[in-house]
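Chemist: My questions will all concern the structure given below.
There are 2 protein chains.
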Amino acid sequence: MYIFAPMKDTRRQILEKNYEAIHEHGFQGLRTDQVIKELGITKGAFYHYFSGKQELGYCVVDEIIAPQYLDHWNQLYAYVGHPVEGIIERLMALRRDIPPENIRLGCPLNNLIQEMAPLDEGFQQRLNRIARGMHLAIHDALARGQKARLVDPDADPEKAAFFVLSTLEGAFGISKSFQNRKPFDASVELLINYLRTLKKSA
Amino acid sequence: MYIFAPMKDTRRQILEKNYEAIHEHGFQGLRTDQVIKELGITKGAFYHYFSGKQELGYCVVDEIIAPQYLDHWNQLYAYVGHPVEGIIERLMALRRDIPPENIRLGCPLNNLIQEMAPLDEGFQQRLNRIARGMHLAIHDALARGQKARLVDPDADPEKAAFFVLSTLEGAFGISKSFQNRKPFDASVELLINYLRTLKKSA
DNA sequence: CTTGACACATACCTACAAGTATGTATATAT
DNA sequence: ATATATACATACTTGTAGGTATGTGTCAAG
């Protein structure tokens, strides 16, 4: 399968550099020629792999952003132990591994949602598919916990999952505004406190 | 002071239409000529009142967005009663009065922060001034509550205020992604539950 | 009554960013 | 050996968004 190596390489490079540029300037602010220059390639290469800017954007979402987020949260399904602790562990992993870049530039997923969701149906659907995947993973974890009588039966897994998502994405946004990770850390900390209250005190 | 009436009118119209357009397309996606056309005016009028697109953006933030948010949250200082109930009341007012438009298009403040904060120092400072104002109002309410022994003394007003802001802005973002107000309502509901736990059970 | 400031209107300019058309080297299949 | 597909490179086109330059009507003050 050597044959496909060079193709995948160039295409992947285009995707990744554009991903970074989108993270920095947003999709509307993305200048494809600029990225092409930085990569030391030409328009020929770009338009050989992508029909245009829009399709490139879709591919960045599908092939770079979606796997990142879904892989992270789908690890909940493999977590052994109290489901609530699983969610907490995912949040702590996030807080631990967050690059300073993401404080300055925010969460790539959140950024794109805020910018593109109302403007482009294709973005909207792709981005919401990711959000739904994250919501489902958290929802399922809590529901499993309830079945196993490990989670407060009065809790509403759907609402709680929305709450977690909102606070998490909001935490990125507020930290970006303050250019400081304190808001992020504080929000995640209090979110974790809330999650602990869902553990059945039995 | 009749003299300034016609001036203020046109300028205000330009500001408000552009505010709406920014809400819809973002600042980078804003097409000033388009708005000029819709208003039935010409470039002469626009550039008479604003030196360019950037200054227009700054004025929209300062003269439309900032007052909206700061007026809302500064009402906390006038609230008589339990400070935590004051915050809850502000959240419920928000949930009650939120136009469907803001579910589709998101929170104008949050949108601009995510889009412009890392791109333009002027936006960053102006937008963060608003966020700091909101944070301060909530922080002060909780601190007053602690002084009056109405709020759990172990609570951290600064962190709690960040938590409220994160969840609230995040709730807008997630609802925008789902094109549905359920995530917003759920997040605000659980946030209110959390705030009640801060009331001293004395 | 005229002079200057204000509040616009009209016409023009131009830089850029997206996209297109076409050429070419290499490799693979037949 | 030749045809065909791949993987790019080069040069060109084109719409447009932001901005400029300049003209004009009105009004108030001196």
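The listed protein sequences derive, respectively, from chains D and E. Each residue of the first sequence is one higher than the one before, starting from 2 at the first, in the numbering used here. Each residue of the second sequence is one higher than the one before, starting from 2 at the first, in the numbering used here. Every residue, glycine too, gets a C-beta built ideally from N, C-alpha and C. Note that the structure is a prediction, hence the values are computed from the model and not measured.
1. What are the residues in the region 112-133 of chain E lying within 7 Å of chain D by C-beta distance?
2. Could you give the C-beta distance for SER167/D and THR43/E, rounded to a whole number, given that I count them as a contact under 8 Å?
3. Would you grab the beta carbon distance between ILE139/E and PRO109/E for me? Rounded to a whole angstrom, and I think it's under 8 Å.
4. With 8 Å set as the bound, which would you pick, yes or no: does the beta-carbon of ARG105/D sit closer than that to a beta-carbon of chain E?
5. According to a CB-to-CB cut-off of less than 9 Å, which residues of the region 166-182 of chain E neighbour chain D?
6. Applying a beta-carbon distance threshold of less than 9 Å, which residues of chain D neighbour ALA161/E?
7. By the three-class DSSP mapping on this structure, what secondary structure does LYS200/E have?
8. Tell me the rounded alpha-carbon separation between VAL85/E and LEU92/D.
9. Between which two residues does the alpha helix (DSSP H) holding PRO101/D run?
10. What is the rounded straight-line gap between the Cα of LEU196/D and the Cα of GLY87/D?
11. Would a check of beta-carbon distances place PRO158/E closer than 8 Å to chain D?
12. Name the DSSP beta bridge partners of VAL152/E, please?
13. What span of residues does the alpha helix (DSSP H) with GLN115/E cover, start to end?
14. Please state whether the Cβ-Cβ distance between VAL189/D and ALA161/D is less than 8 Å.
15. Roughly how many angstroms separate the alpha carbons of TYR3/D and PHE51/D, rounded to a whole number?
16. Give a yes or no on whether the minimum CB-CB distance between GLY27/E and chain D is below 8 Å.
17. Taking the beta carbon of ASP10/D as the centre, do at least 16 other beta carbons fall within 10 Å, making it buried, or is it exposed?
18. Could you compute how far the alpha carbon of GLY123/E sits from the alpha carbon of ASP141/D?
19. Out of GLY58/E, SER176/E and LYS38/E, which one is the CA nearest neighbour of ALA118/D?
20. For LYS189/E, name the three-state secondary structure that DSSP assigns.
21. Consult DSSP for GLN29/D and reduce its assignment to one of helix, strand or coil.
22. From PHE47/E to GLY82/E, what does the alpha carbon distance come to, in whole angstroms?
23. Assign ASP121/D to one of three DSSP states: helix, strand, or coil.
24. Looking at the structure shown, is ARG182/D part of a helix, part of a strand, or coil, going by DSSP?
25. Could you tell me the distance, in whole angstroms, from the CA atom of GLY174/E to the CA atom of ASN129/E?
26. Answer yes or no: do LYS201/E and ARG145/E have a C-beta to C-beta separation smaller than 8 Å?
27. So is PHE51/E in contact with chain D if we call contact Cβ pairs under 8 Å?
28. Rounded to a whole number of angstroms, what is the C-alpha to C-alpha distance between LEU113/E and THR198/E?
29. Along chain E, which residues have their Cβ under 8 Å away from the Cβ of TYR195/D?
30. Please name the residues in the region 83-100 of chain D whose beta-carbon is closer than 9 Å to at least one beta-carbon of chain E, in chain order.
31. Using the Cα positions of GLY134/D and TYR70/D, report the straight-line distance between them to the nearest angstrom.
32. Is there a C-beta anywhere in chain E that falls below 8 Å from the one on PRO68/D?
33. With a Cβ-Cβ cutoff of 8 Å, do LEU120/D and HIS26/E count as a contact?
Modeler: On the basis of the supplied data:
1. Those would be ASN112, ILE114, GLN115, GLU116, ALA118, PRO119, LEU120, LEU128, ASN129 and ALA132, in chain order.
2. In fact, because the Cβ distance is near 44 Å, the residues do not count as touching under 8 Å.
3. Not a contact, Cβ separation roughly 19 Å.
4. yes
5. Going along the region 166-182 of chain E in chain order, one finds LEU166, SER167, THR168, LEU169, GLU170, GLY171, ALA172, PHE173, GLY174, ILE175, SER176, LYS177, SER178, PHE179 and GLN180 with a Cβ nearer than 9 Å to chain D.
6. ALA187 and LEU191
7. strand
8. Going by the C-alpha atoms only, they are around 27 Å apart.
9. Where PRO101/D is concerned, the enclosing alpha helix (DSSP H) starts and stops at 101-106.
10. 10 Å
11. no
12. LYS200/E
13. 109-117
14. no
15. Caution is warranted here: a pLDDT of 32 is assigned to TYR3/D, below 50, making its placement in the model unreliable, and the coordinate value is therefore given only provisionally. TYR3/D and PHE51/D: Cα-Cα distance of roughly 22 Å.
16. yes
17. exposed
18. 43 Å
19. SER176/E
20. The amino acid occupying residue 189/E in the given sequence is Val; Lys does not appear at that position. In the structure shown, VAL189/E sits in a helix (DSSP, three-state: H, G or I).
21. coil
22. When only Cα atoms are considered, PHE47/E and GLY82/E end up about 47 Å apart.
23. coil
24. coil
25. Cα-Cα distance, rounded: 18 Å.
26. no
27. no
28. 32 Å
29. LEU191 and TYR195
30. none
31. One C-alpha to the other measures close to 9 Å.
32. no
33. yes
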